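Worksheet for the structure shown next.
6 protein chains.
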Amino acid sequence: MNEKITEFRDYRAKMNEKILAANNKVMKRIYNIDTNTYMEGALSTKVKEMMGLVSSMVLRCDDCVKYHLEKCHEQGVTTEELFEIFAVANLVGGTIVIPHTRRAVEYWEALQEEVLNPSGV
Amino acid sequence: MNEKITEFRDYRAKMNEKILAANNKVMKRIYNIDTNTYMEGALSTKVKEMMGLVSSMVLRCDDCVKYHLEKCHEQGVTTEELFEIFAVANLVGGTIVIPHTRRAVEYWEALQEEVLNPSGV
Amino acid sequence: MNEKITEFRDYRAKMNEKILAANNKVMKRIYNIDTNTYMEGALSTKVKEMMGLVSSMVLRCDDCVKYHLEKCHEQGVTTEELFEIFAVANLVGGTIVIPHTRRAVEYWEALQEEVLNPSGV
Amino acid sequence: MNEKITEFRDYRAKMNEKILAANNKVMKRIYNIDTNTYMEGALSTKVKEMMGLVSSMVLRCDDCVKYHLEKCHEQGVTTEELFEIFAVANLVGGTIVIPHTRRAVEYWEALQEEVLNPSGV
Amino acid sequence: MNEKITEFRDYRAKMNEKILAANNKVMKRIYNIDTNTYMEGALSTKVKEMMGLVSSMVLRCDDCVKYHLEKCHEQGVTTEELFEIFAVANLVGGTIVIPHTRRAVEYWEALQEEVLNPSGV
Amino acid sequence: MNEKITEFRDYRAKMNEKILAANNKVMKRIYNIDTNTYMEGALSTKVKEMMGLVSSMVLRCDDCVKYHLEKCHEQGVTTEELFEIFAVANLVGGTIVIPHTRRAVEYWEALQEEVLNPSGV
Numbered sequence: 001m002n003e004k005i006t007e008f009r010d011y012r013a014k015m016n017e018k019i020l021a022a023n024n025k026v027m028k029r030i031y032n033i034d035t036n037t038y039m040e041g042a043l044s045t046k047v048k049e050m051m052g053l054v055s056s057m058v059l060r061c062d063d064c065v066k067y068h069l070e071k072c073h074e075q076g077v078t079t080e081e082l083f084e085i086f087a088v089a090n091l092v093g094g095t096i097v098i099p100h101t102r103r104a105v106e107y108w109e110a111l112q113e114e115v116l117n118p119s120g121v
Numbered sequence: 122m123n124e125k126i127t128e129f130r131d132y133r134a135k136m137n138e139k140i141l142a143a144n145n146k147v148m149k150r151i152y153n154i155d156t157n158t159y160m161e162g163a164l165s166t167k168v169k170e171m172m173g174l175v176s177s178m179v180l181r182c183d184d185c186v187k188y189h190l191e192k193c194h195e196q197g198v199t200t201e202e203l204f205e206i207f208a209v210a211n212l213v214g215g216t217i218v219i220p221h222t223r224r225a226v227e228y229w230e231a232l233q234e235e236v237l238n239p240s241g242v
Numbered sequence: 243m244n245e246k247i248t249e250f251r252d253y254r255a256k257m258n259e260k261i262l263a264a265n266n267k268v269m270k271r272i273y274n275i276d277t278n279t280y281m282e283g284a285l286s287t288k289v290k291e292m293m294g295l296v297s298s299m300v301l302r303c304d305d306c307v308k309y310h311l312e313k314c315h316e317q318g319v320t321t322e323e324l325f326e327i328f329a330v331a332n333l334v335g336g337t338i339v340i341p342h343t344r345r346a347v348e349y350w351e352a353l354q355e356e357v358l359n360p361s362g363v
Numbered sequence: 364m365n366e367k368i369t370e371f372r373d374y375r376a377k378m379n380e381k382i383l384a385a386n387n388k389v390m391k392r393i394y395n396i397d398t399n400t401y402m403e404g405a406l407s408t409k410v411k412e413m414m415g416l417v418s419s420m421v422l423r424c425d426d427c428v429k430y431h432l433e434k435c436h437e438q439g440v441t442t443e444e445l446f447e448i449f450a451v452a453n454l455v456g457g458t459i460v461i462p463h464t465r466r467a468v469e470y471w472e473a474l475q476e477e478v479l480n481p482s483g484v
Numbered sequence: 485m486n487e488k489i490t491e492f493r494d495y496r497a498k499m500n501e502k503i504l505a506a507n508n509k510v511m512k513r514i515y516n517i518d519t520n521t522y523m524e525g526a527l528s529t530k531v532k533e534m535m536g537l538v539s540s541m542v543l544r545c546d547d548c549v550k551y552h553l554e555k556c557h558e559q560g561v562t563t564e565e566l567f568e569i570f571a572v573a574n575l576v577g578g579t580i581v582i583p584h585t586r587r588a589v590e591y592w593e594a595l596q597e598e599v600l601n602p603s604g605v
Numbered sequence: 606m607n608e609k610i611t612e613f614r615d616y617r618a619k620m621n622e623k624i625l626a627a628n629n630k631v632m633k634r635i636y637n638i639d640t641n642t643y644m645e646g647a648l649s650t651k652v653k654e655m656m657g658l659v660s661s662m663v664l665r666c667d668d669c670v671k672y673h674l675e676k677c678h679e680q681g682v683t684t685e686e687l688f689e690i691f692a693v694a695n696l697v698g699g700t701i702v703i704p705h706t707r708r709a710v711e712y713w714e715a716l717q718e719e720v721l722n723p724s725g726v
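Chains A, B, C, D, E and F are the protein sequences, given in the same order. Count the first sequence with the working numbering and you get residues 1 to 121, in order. Count the second sequence with the working numbering and you get residues 122 to 242, in order. Count the third sequence with the working numbering and you get residues 243 to 363, in order. Count the fourth sequence with the working numbering and you get residues 364 to 484, in order. Count the fifth sequence with the working numbering and you get residues 485 to 605, in order. Count the sixth sequence with the working numbering and you get residues 606 to 726, in order.
Encoded structure:
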C-alpha cells in the first residue's frame with residue numbers, strides 16, 4: 001500500500017486513541033457527533049462527505065482534506081466530480097486553496113492506486 | 122415581499138453593477154467564473170449550491186450565506202436537508218458558526234414566506 | 243435595561259429556539275455539548291469562559307464575543323482582567339481584532355450599567 | 364459630509380479613546396506600533412497602506428477596510444489602482460471577499476464625494 | 485532529549501535571531517510586546533498561557549501550539565486541564581481543530597518525557 | 606541550487622500540470638486569471654507581488670508565501686523592503702504570523718544564495 005496513506009492512517013488512529021483514552025467527556029462527544037453527522041439522512045453520505053471535503057479545503061486543513069478524500073473515494077466520487085468540488089473550493093476560498101489542491105490530487109492518486117494494487121507490491 | 126430579501130438583493134445588484142462598470146478585467150472574469158462554477162456538470166447545480174452554502178458558513182460570510190440560501194431554495198433544497206448542511210458546517214467549523222446559522226434560519230424563513238405570499242401583501 | 247443587551251438576548255433566544263425545534267440531532271447535540279464544555283472541571287468556569295472569549299475574539303465573531311462577555315461578567319471578571327484578555331487576543335490575532343475590541347468595550351459598558359441600573363430607568 | 368463616514372470616524376475615535384484610557388500597557392503599545400508600521404521607510408506609506416488594505420480584505424474586516432480606504436484615499440490612490448488591489452484580494456481570498464468589495468466600493472464613493480463637497484451640503 | 489523538541493526549539497531560536505538581526509523596528513517591538521503580554525498581571529501567567537494556547541488552536545498554528553504547550557507545561561498545567569483547553573478549542577473552532585489536537589498531544593507527551601528523562605538517554 | 610527551492614518548484618510544477626490536465630474549465634480559468642492579476646497595470650507588478658505576499662502571510666499559507674517570495678525576488682524587492690512587508694503582515698495578522706515569517710526568512714536566504722551561486726556547487 002502507498003506509504004503516504006498508511007502513514008496518515010496509522011498516525012491518525014494512534015493519536016485518536018490517545019485523545020479518547022484521556023477520557024475528556026467533551027472531546028469524546030465531539031468524536032461521537034462526528035460519526036453521526038455524515039450518516040445517511042435527508043442527504044446522502046456521499047453528498048455530506050463532499051460537503052465535508054469542500055469545507056476542509058476552504059478552511060485549508062490538509063489532514064481533514066485527506067480524511068474526506070478517503071471517504072469520498074469510498075462513496076464512489078469520480079475524478080470528474082472531485083475536480084468540480086475543487087472548483088467550488090478554489091473559487092470561494094481563492095487561490096490560497098491551490099497548494100492544498102495540489103496535495104489533494106497527490107493523495108487522490110494514491111487512493112486510486114491502492115484500489116488497483118491493494119497489496120502495494 | 123420581505124424587506125430583508127429586497128434590501129439584500131437591491132444592494133447586491135446595485136453594487137455588483139458598479140464593480141463591473143469599473144471595467145477591471147480580473148474582477149470581471151472572477152464574476153464570470155462564479156456563474157460557470159455552479160452550472161450543471163458531473164455534479165448537479167443543487168449539490169454545488171449546497172457546497173457553496175457550506176463553504177460560506179464555515180468561512181462565516183453572512184452575505185454569501187444569503188446568496189447560496191436563495192440558490193438552494195430555487196434548487197428545491199428542503200428544510201430538513203438544509204439543517205443537515207448546517208450540521209456539517211457547525212461540526213466542521215465549530216460553534217463560531219452558530220450566530221451565522223441563526224441569521225441563516227431567519228433568511229430561510231423569509232424565502233419560504235416569499236413563495237407563499239409573493240406580493241408581500 | 244440597555245437596548246443593545248435586550249436586542250442581542252431576544253434575537254439569540256428566539257433563533258436558538260427555532261434551530262432546536264427543527265429537531266436535527268447533530269445540531270441539538272452541539273448545543274448540548276456547548277453547555278457542558280464550560281462547566282466547572284479541572285479548570286474553573288471563569289477560566290473556561292475567558293478562553294471562550296479569547297477564542298471568539300481571534301476568530302472575530304461579534305455575537306460570540308458578546309455571549310462570552312456576558313458569561314465573563316457573571317463570573318466576576320474585572321475590567322482590568324478583561325483588558326488582559328483583549329491584550330492576548332490583539333497580540334495573537336493582530337490589529338484585525340481591534341474593531342471587535344471596540345464593540346466589545348461598548349457591550350461591556352452596557353453590562354456594567356445593567357448591574358447598576360437593572361430596570362433601565 | 365457623508366453620514367457613513369462621520370459615523371465610522373466618530374465611533375472609532377470614541378471607542379479608541381476608551382481603550383487607551385483603560386491603560387493596559389500591551390494595548391497601548393499595539394496602538395503605538397500601528398502608527399509606526401505605515402510610516403515612510405524603505406517602502407512608501409502609499410504602498411504600505413495598499414498592503415494594509417489588501418490584508419484587511421482577505422481577512423474580511425469591514426472596519427479595517429474602511430480605515431485603509433481612507434488612508435489610501437489620502438495617499439492619492441486612484442480608482443483604477445484601487446480596483447487592482449481589489450483584484451488581488453478577490454483572487455487570493457476568493458469570492459468570499461466580494462461582499463466586502465461591494466461595501467468597499469460604497470465607502471470609496473463616499474470618500475470621493477467628501478472631497479468634492481466637504482461641507483456635505 | 486526528544487528530537488521533536490530540540491528541532492523545534494533550535495529552528496525557532498535560530499530564525500528568531502535572524503529576524504531580530506534584520507533590525508526592523510516594528511518586528512522588534514512585536515517580539516518585545518509578545519514577552520510582556522504573558523507576564524503576571526491582573527491575570528496569572530498560567531491563565532494567559534492557556535489563553536495563548538486556545539487562541540493558537542482555533543487559529544490552527546502548530547508552531548504556536550507547540551510554543552504555548554511548552555509554556556503551559558512550565559506553568560504546571562496538568563494533563564486533565566490541558567484536555568479541557570482542547571475541549572474549548574475543538575468546540576469553538578470545530579473538528580477542523582482535531583488534527584492540531586493530535587499533534588498537540590504528541591508534543592505534550594514529549595514534554596512530559598523530557599521531565600522524566602532530561603538527558604534523553 | 607538549494608534543495609528547498611528545487612523541491613518546491615518541482616512539486617509545484619508537477620502537480621499544477623496534473624491539475625490542468627484534468628481539464629476542469631473552472632480550475633483552468635482560475636489559473637489563467639492568476640497570471641493576469643499580477644501583470645503591469647495601474648500598479649506595477651512589483652507592488653502587486655508585494656500585495657500577494659502580504660495576503661499570503663496574513664492568510665498563513667507557506668507555499669503561497671514561497672511563491673510570492675520568488676516573484677518579489679525577481680522584481681528586485683530588497684531585504685529591507687521585505688521586512689517592512691513582514692511588519693505589516695505581523696501587525697495586521699498578529700503573532701500567529703511569526704512562524705510563517707521564520708520560514709519565509711529561510712526561503713528568502715535560499716533565493717539570495719541561488720543568485721550568488723546558481724549552479725549550487
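Where a beta carbon is used, it is the ideal one built from N, C-alpha and C, also for glycine. Just so you know, these numbers come straight off a predicted model, no measurement behind them.
Short-range partners of chain B found in the segment 566 to 578 of chain E, where Cβ spacing is below 8 Å:
574, 575, 576, 577 and 578
To be precise: take each residue of the segment 500 to 520 of chain E, compare its Cβ to all Cβ atoms of chain C, and keep it if any distance is under 7 Å. Which residues remain?
517 and 518
Reference residue 631/F, options 114/A, 99/A, 109/A and 94/A, closest by Cα
94/A
Determine, using beta carbons only, whether residue 452/D and residue 410/D come nearer to each other than 8 Å.
no
Between the beta-carbon of residue 219/B and the beta-carbon of residue 174/B, is there less than 8 Å?
no
Could you have a look at residue 424/D and say whether DSSP puts it in helix, strand or coil?
coil
List, in chain order, every chain F residue whose beta-carbon is nearer than 9 Å to that of residue 338/C.
663, 697, 698 and 699
Can you list, in chain order, the residues of its chain whose CB lies under 7 Å from that of residue 413/D, leaving out five sequence neighbours each side?
435, 440 and 448
Whole angstroms is fine: what's the gap from residue 444/D's alpha carbon to residue 471/D's?
12 Å
Integer-rounded CB distance, given that residue 96/A should sit under 8 Å from residue 669/F
6 Å
C-beta neighbour in chain B for residue 344/C, strict 8 Å:
no
Between the Cα of residue 145/B and those of 636/F, 647/F and 637/F, spot the shortest distance and give me the residue it belongs to.
647/F
Would you mind stating whether residue 91/A and residue 183/B have Cβ atoms separated by less than 8 Å?
no
Span separating the alpha-carbon of residue 102/A from that of residue 619/F
9 Å
Measure from the C-beta of residue 63/A to each C-beta in chain E and report whether the shortest distance is under 8 Å.
yes
Are the CB atoms of residue 325/C and residue 385/D within a distance shorter than 8 Å?
yes
Along chain A, which residues have their Cβ under 8 Å away from the Cβ of residue 169/B?
84 and 88
Got a sec, what are the start and stop residues for the alpha helix (DSSP H) residue 453/D sits in?
442 to 456
Once the 5 residues before and after residue 553/E are set aside, which same chain residues still bring their CB inside 7 Å of it?
537, 588, 591, 592 and 595
Examine chain C for any beta-carbon lying closer than 8 Å to the beta-carbon of residue 128/B, and answer yes or no.
no
Please list the partners that residue 441/D has in chain B, where partner means a Cβ-to-Cβ separation under 8 Å.
Those do not exist, as residue 441/D stays about 11 Å from chain B at its closest Cβ, beyond 8 Å.
Taking residue 36/A as the reference, which of 208/B, 149/B and 235/B has the closest Cα?
208/B
Just the chain A side, please: which residues come within less than 7 Å of residue 583/E by C-beta, in chain order?
61, 63 and 64
Go ahead and pull the three-state DSSP assignment for residue 233/B.
helix
Boundaries of the alpha helix (DSSP H) in which residue 394/D is found, first to last residue:
388 to 400
If you measure from the CB of residue 675/F, is any heavy atom of the ligand HEM nearer than 7 Å?
Of the ligands one can find in the structure shown there are none, so the ligand HEM has no counterpart to examine.
Quick one: residues in its chain with C-beta nearer than 7 Å to the C-beta of residue 661/F, no 5 flanking neighbours on either side, listed in chain order?
669, 670 and 673
How is residue 165/B classed by DSSP in three states: helix, strand or coil?
coil
Once you ignore the five residues that flank residue 159/B on each side, which residues in its own chain have a CB closer than 8 Å to its CB?
166, 169, 170, 173 and 192
Can you list, in chain order, the residues of its chain whose CB lies under 7 Å from that of residue 382/D, leaving out five sequence neighbours each side?
390
Span of the alpha helix (DSSP H) around residue 247/C
245 to 263
Shorter than 8 Å from the beta carbon of residue 589/E to some beta carbon of chain A?
yes
Check whether the Cβ of residue 353/C lies closer than 8 Å to any Cβ atom in chain E.
no
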